[in-house]
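Student:
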Amino acid sequence: MAVTTLTKSDRLGGFRPNGLLLSTLGAALCVALPLCVVLSFILTTQSDVWAHLVDTLLLRYATNTVALSALVAVGVVALGVPAAWMIAFYRFPGRTVLSWLLLLPMAYPAYILAYTYTGVLEYAGPVLTWMRAIDAPAWLMAPILNIRSLPGAALMLSLVLYPYVYLLARAAFLEQSANLMEAGYTLGQTRFAVLRRIVIPMARPAIAAGALLAIMETVADFGTVQFFGVQTLTTGIMRTYYGFGDTAGAAQLSSVLLGFVAVLVILERYSRHRVRYYSDQTRRLNQAAQHLTGTRALTVQLLCAIPVIFGFFIPTVLLVNWTVFEAQLQSLWLLAWNSFALAGVSSVLIVGVALLVAYANRLFPSRQLSHMTTLIGLGYALPGVVVAIGVLIPFGSMDAWISAQLAPLGVEPTLWLSGSLFAVMFAYLVRFLAVANGNVVSGLSRIRPSLDHSGRLLGLSQGAVLSQIHVPLMRSSVLTAILVCFVDILKELPATLILRPFDFNTLAVRAYELAGQERLIDAAPASLCIVLVGLLPVILLNRSIGKL
Amino acid sequence: MTEHDTAALYIRDLTLEYGRNTVVRDVNLAFKPQELGCLLGPSGCGKSTLLRAIAGFQPLSSGEIWLDSHLLASPGVSVAPEHRGVGMVFQDIALFPHLTVDENIRFGLTAWSAAQAEDRVRELLALIGLEALGARYPHELSGGQQQRVALARAMAPKPSLLLLDEPFSGLDTELRGRLASEVRTILKSDGICSLLVTHDQREAFDFADRIAVMHDGHICQIDTPYNLYHEPENAFVAHFVGPGELVDATVVSPQAVESPLGVLTNDQPLAFEPGTAVKLFLRPDDLIHDDASDYQAILVNKHFRGAHHLYEVRLDNGVVLGCFAPSHHNHTIGESIGVRLDVEHLVVFPITAVGHG
Amino acid sequence: MTFTRYLTGALVGALSMSAMAAEVNVYSARQDALIVPLLEQFEAETGIEVNLITGKAGGLLSRMQSEGAASPADVLITVDAGNLHRAKEAGVVQTIQSDVLQSRIPETLRDPEMQWVGLTKRARTVFYAEDRVDPANLSTYENLVDDQWKGRICIRSSSNVYNQSLVASLIEVHGEEATEEWARGMVANMARKPTGGDTDQLRAVAAGQCDIAVSNTYYYGRLLDSDKPEDQQVVDTVKAFWVNQDDRGTHINISGAVIAKHAPNYDEAIQLLEFMVSDDAQAYYAEINHEFPVVDTATVSDTIQSLGTYKAHDLNLSILGENNKRAVMVMDRAGWQ
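Protein chains in written order, with our numbering: chain A, 759 to 1306; chain B, 346 to 702; chain C, 20 to 356.
#1: Going by CA-CA distance only, name the one from B/D413, B/S505 and B/P599 that's closest to B/G616.
#2: Under a three-way DSSP split, which group does C/Q121 fall into?
#3: Quick check: is the beta carbon of A/Y819 nearer than 9 Å to any beta carbon in chain C?
#4: Per DSSP, which residues does B/E590 bridge with? Please list them.
#5: Using CA atoms only, rank isn't needed, just tell me which of A/G1154, A/A785, A/A786 and A/L861 is closest to A/R1301.
#6: Answer yes if the segment 681 to 697 of chain B comes into contact with the segment 632 to 641 of chain B, meaning at least three C-beta pairs across the two stretches below 8 Å, and no otherwise.
#7: Ignoring anything shorter than 4 residues, give me the alpha helix (DSSP H) runs that lie fully in the segment 278 to 347 of chain C, in order along the chain.
#8: Residues of chain B with a CB under 9 Å from the CB of A/P959: which are they?
#9: Determine whether the Cβ of B/D437 lies closer than 9 Å to any Cβ atom of chain A.
#10: Give a yes or no on whether 9 Å exceeds the smallest Cβ distance from A/E1250 to chain C.
#11: For a contact defined as C-beta to C-beta under 9 Å, what are the partners of C/P213 on chain A?
#12: Reducing DSSP to helix, strand and coil, say where B/P426 ends up.
#13: For the segment 194 to 211 of chain C, which residues have a beta carbon sitting closer than 9 Å to at least one beta carbon of chain A?
#14: List the whole-angstrom C-beta distance separating A/L837 from A/Y920, where the pair is believed to meet the contact cut-off of C-beta under 8 Å.
#15: Check the Cβ of A/A941 against every Cβ in chain B and list those closer than 7 Å, keeping chain order.
#16: Please report the distance separating the alpha-carbon of B/A497 from that of B/I567.
#17: Under three-state DSSP, which class holds B/T610?
#18: Please list, in chain order, the chain A residues whose beta carbon lies closer than 8 Å to that of C/G78.
#19: Is there at least one Cβ from chain B nearer than 9 Å to A/Q1048's Cβ?
#20: Suppose you measure from the CA of A/S1124 to the CA of A/L779; what does that come to, to the nearest Å?
#21: Output yes if chain A places a C-beta closer than 9 Å to the C-beta of C/Q113; else output no.
#22: What alpha helix (DSSP H) runs, 4 residues minimum, are completely inside the segment 1189 to 1221 of chain A?
#23: Is the beta carbon of A/M844 sitting closer than 9 Å to the one on A/L1061?
#24: Figure out for me which residue from B/V665, B/E427 and B/T360 has the closest Cα to the Cα of A/T944.
#25: Any C-beta of chain B sitting closer than 9 Å to the C-beta of A/R955?
#26: If we call anything under 9 Å between Cβ atoms a contact, is C/S176 one with C/T214?
#27: Would you say C/Q134 faces chain A, with C-beta separation under 9 Å as the test?
#28: Of the residues C/A202, C/A223, C/L53 and C/Q116, which one's Cα is nearest the Cα of C/I17?
#29: So what's B/L385 in DSSP terms, helix, strand or just coil?
#30: Are B/L416 and B/T394 close, meaning C-beta to C-beta below 9 Å?
#31: Could you name the residues of the same chain whose beta carbon sits closer than 8 Å to that of A/L1136, not counting the 5 residues immediately before and after it, in chain order?
#32: Between the alpha carbons of A/A1020 and A/L797, how many angstroms are there, rounded?
#33: Distance check for A/T802 and C/P351, CA to CA, integer angstroms please.
#34: Under the rule that 16 or more other beta-carbon atoms within 10 Å means buried, what is A/Q1048, buried or exposed?
#35: Output, in chain order, the set of chain C residues within a Cβ distance shorter than 8 Å of A/A1158.
#36: With 8 Å as the C-beta to C-beta threshold (strictly closer), list the residues of the segment 223 to 251 of chain C near chain A in chain order.
Spelled out as structure tokens, the structure:
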């Protein structure tokens, strides 16, 4: 066996160091590009449309965005925390099944839930027809008629976003040492006092982190608010860009939205930080959990089932029913192929980049690198609308430049970048690299450096360490990362809508268009397709969390 | 029943079960007010379960638990943990991470006036020697400091009984011994009847007035540390509270036995007829290295302990015994050295009962 | 276009586009169900292949703008004169040189400079609950801001181009200030926050949420044609009223088309548009969506005839486009969501 001296370049199994670092830099620049483009418009001369917006609509956009966020925050906490509480602290028949059923609404994009509920709750729909038939009181029918409103949008978003809070709160509850609760009892505190003074305060950072994630998704949402006619910053950006045809105004609105997102990101980082510091207790709660039977068990079962029933079962039954019996079935094959192929190729690319970034961080840890990685993590907070605008503007200019350069050579002007799937994939990369990165890094962190070292000491080359140790160990987290990206891309609406090339439709776009034409039932097949595929990572997520 | 009336903690015929497993069987225990008690036993002997039953986290299968002449628990009766007046210090310390030291100690003082509570917190901080650290959060304290805060928190509401569930097991050895006697001092000064659970005999000796040795769900013996060490009632206790070996011996007179190292006389009459074959329990401090002795043994191993050596010597009949020797007597392994027994009180077990250990 | 074809096509880009046989690329803001049959008929008759992309009017236009000279678009089919005008303003169109189109399409329904042409006509008027509104109290758009209608009107949002064009026509007639006043009056009389499309407004009247709805005629036509009982219930209780019959006439609008400035297939594009104003195509086009043909000689469907005849506002529709931005701002200022 050759004597190995550990030099800097040697630590890098098989890769060229500069390549790794450069790809991380490149990825960070990709994420920074739309951000910088959008922010650069703050400095440009203000358009008359912008002045008009400031005078008339900006306040409404902002207040609606804030009000929607606040309602969603209340909604996800109200749905997620009690469910997490019951799953964590009670034992009752069906608990295991419910604990993962509660994750299912994650498979739904909020806009599809909105289409589905509007389809069934419209005036002529079965619910109101029945209510009229039994002469239901007007005050009961009014909120149903007004589902297309800000509270309605908040409800739809809460129903699909509460699993964030549920997951984090459940984990926080489970990680709390049973001894802490017992300590509370031995100090003369009642069950309620222990809940109020120990359990909830300790889970609060986790609950806050979950709610903040939900709010980030809320401010980025376009499909739901657009469909419900709620004027938020995202719909404002779309309206300014398309309605007024004003790019500068749209970019300026985008930077307002970014300001909002920035606050959320800071709050989220802060609460995350506190979550980490709490979760150092080990003993599980099984002994302290209360066993329920009879009516009390039934009550808890019903309470846990409510979010699942409204967030998953009712809409799914409706979608299946419409798809099978009512929808004018247009061929979904082409749309599905387009969606799956685009999402598949994009997610493999994104995870590839994420791997490069993760290995760069592992092999050459440095402060600059970790800053770049943090920047990459911000991509997920960027609303799709903002990413699309931020990609379209520079790509359009680049196309013009490239065409001008190639004109003398007799090459016809072409949309090399902006009118191509490249632009769409680029936007996906910006938006979802953080998701892939999170999965890959958590996989990589499980391969302790000592494994690499023992591999080398046992005579493996650097390449062999990679292929014989890392590849098999990383396989599942890489596949998970690809799957999660795949589904996120499948559900993504606004960026796809803005950037997709000529004649290129996806399932999400089709569902959106049909819904826009008030053909909600015909949108069901495409929607159902998205939801069913969206279930895969939810199932995977559940398996990775494991049995409770 | 006098014990019932004078005891702070009184446990009668207690049996505890997990499903079909009987974890604790027919336990009887009594500790006086202000007494520091200890449940000592190997892991899995049921001592922690017994503690949890006293605290109210474990239902009873049979028996009764009384505290200050109030019935805490019997089958069908269970005072809620928060109403028992029982404090507890946990193995994992279990300080509330979101509260400061002050707030942790004050946590159980909800029924007290603000001024009284403040005084009590100050008093306890002084007692545990952490007056300056009241505003810190638990993660900003060392392990020993955290454990002292946990103790203060449990003591704060002046419980009738304080339970300590292996509170020192997460700490390093040196700190463990120091803290055990420190805690003893603190509890003695506050006069709280306490019960420590531990598997560490040194910790138990440092802490307790009286120790109950538990084995396999039973209490084997309840006594002072001194008596446990020197007058164990069975081989298990003898082995568990300190090193030692059994050797064959024969009773030769009402007060003497013949051992491989000669005839030994007890300080009181033995409970065996002359001629009975018995087992004699010998600790390393019973066997003395003496070059002048008639009895020789082969030195098979030695442990240097600084002030003295612990020798392992093999007798002619093959039995290996421990033996303390002065530090400067540095014999080499394999050498034959002189040994003699120096025992005032003989620990003698009948042969049939030895298997019990 | 499929993903695979796109990936291979992307490499050669526009080259592959122009290398193909006779074809025409259509960007359409109309639902494909409304025009695909017509385009298929055109393909069958001429052998010219039609590539179609559908999308929102604004989105398609932005796309043509950013595509610039590289745009593969030949024809943009869109609804509303406002959108057609916006395409003209954006500089993505070129003159439509066709005597056939010029002679068959009435002057008010095409751009004076032949930058766009109308293909179908629709009216925007008032619908009322028969049991709660006496049509004698209805007269004009202007009348809708009267106090008697407080809390009784349903109309969709200001983001909708039909409303923008309606307001643009009012700006032309009354001026910006008076129109803003009118818009405020409308906001004050709304029964609910603007939500949903025109059909939703009609259904809301049937549901009793409001007594009056403003809607394009073809939405009512669709309900008339529907065999669903709930739709029949709507047309049974909600009736059309032709507004402004005693003065300038009811506000009308068009769906229409432009030819892209950089159209790679100009001749085929002209052929397509000429096909679309043929009597048969007009009849079909008008029939399928319950609109009115722009060509007088085309036959009109029974459903459309049932709505009765009306006098249309005789305004050159290019005005609607010119006033569009002002119209949006007027509504924004008036608080019309």
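Glycine included, C-beta positions come from ideal geometry on N, C-alpha and C.
Tutor: According to the structure data:
#1: It is Ala, not Gly, that sits at residue 616 of chain B in the sequence shown. For B/A616, the nearest C-alpha among the options comes from B/P599.
#2: For C/Q121, the secondary structure class from DSSP, reduced to helix, strand or coil, is helix.
#3: It does not: the Cβ of A/Y819 has no partner Cβ on chain C nearer than 9 Å.
#4: The partner list for B/E590 (beta bridge, DSSP) reads B/L627.
#5: Ranked by how close their Cα comes to the Cα of A/R1301, the residues A/G1154, A/A785, A/A786 and A/L861 have A/L861 in first place.
#6: Three or more Cβ pairs drawn from the segment 632 to 641 of chain B and the segment 681 to 697 of chain B lie within less than 8 Å of each other, which places the two stretches in contact.
#7: Correct list: 285 to 295, 298 to 307, 321 to 325 and 337 to 341.
#8: Taking a Cβ-Cβ cut-off of 9 Å, the neighbours of A/P959 in chain B comprise F441, H443 and L444, given in sequence order.
#9: Yes - at least one Cβ of chain A is within 9 Å of the one on B/D437.
#10: Cβ-Cβ to chain C under 9 Å: no for A/E1250.
#11: Within 9 Å of the CB of C/P213, the CB atoms of chain A belong to G987, in sequence order along the chain.
#12: Secondary structure at B/P426: helix, using DSSP grouped into helix, strand and coil.
#13: Taking 9 Å as the Cβ-Cβ cut-off against chain A, the residues of the segment 194 to 211 of chain C that qualify are R211.
#14: Confirmed, about 4 Å.
#15: Below the 7 Å Cβ cutoff, chain B contributes M433, F435 and A439 as neighbours of A/A941, in chain order.
#16: The alpha-carbon atoms of B/A497 and B/I567 are separated by roughly 28 Å.
#17: The three-state secondary structure of B/T610, taken from DSSP, is strand.
#18: The contacting residues are Y1000, L1255 and I1256.
#19: Contact of A/Q1048 with chain B is not assigned, every C-beta pair being separated by 9 Å or more.
#20: About 11 Å.
#21: For C/Q113, the closest Cβ of chain A is not nearer than 9 Å.
#22: Secondary structure in the segment 1189 to 1221 of chain A: the alpha helix (DSSP H) runs of 4 residues or longer, each lying completely within the stretch, are 1207 to 1215 in chain order.
#23: Taking 9 Å as the Cβ cut-off, A/M844 and A/L1061 qualify as a contacting pair.
#24: Nearest C-alpha to A/T944: B/E427.
#25: A/R955 counts as touching chain B.
#26: Cβ distance < 9 Å, so C/S176 and C/T214 count as in contact.
#27: No, C/Q134 lies away from the interface with chain A (no Cβ there is under 9 Å from its Cβ).
#28: Residue 17 of chain C lies beyond the residue range present for chain C, which begins at 20 and ends at 356; the question has no answer from this structure.
#29: Reduced to three states, the DSSP call for B/L385 is strand.
#30: In this structure, the beta-carbon distance from B/L416 to B/T394 does not fall below 9 Å.
#31: Around A/L1136: V789, L793, V1023 and A1192.
#32: Their Cα atoms are separated by approximately 12 Å.
#33: The question names Pro, yet the displayed sequence has Asp at residue 351 of chain C. Using only the alpha carbons, I get a separation of about 24 Å.
#34: When all chains shown are included, A/Q1048 counts as exposed.
#35: The answer, in chain order, is G87.
#36: Those residues of the segment 223 to 251 of chain C that come within reach of chain A (Cβ to Cβ, closer than 8 Å) are A223, A225, A226, Q228, K247, E249 and D250.
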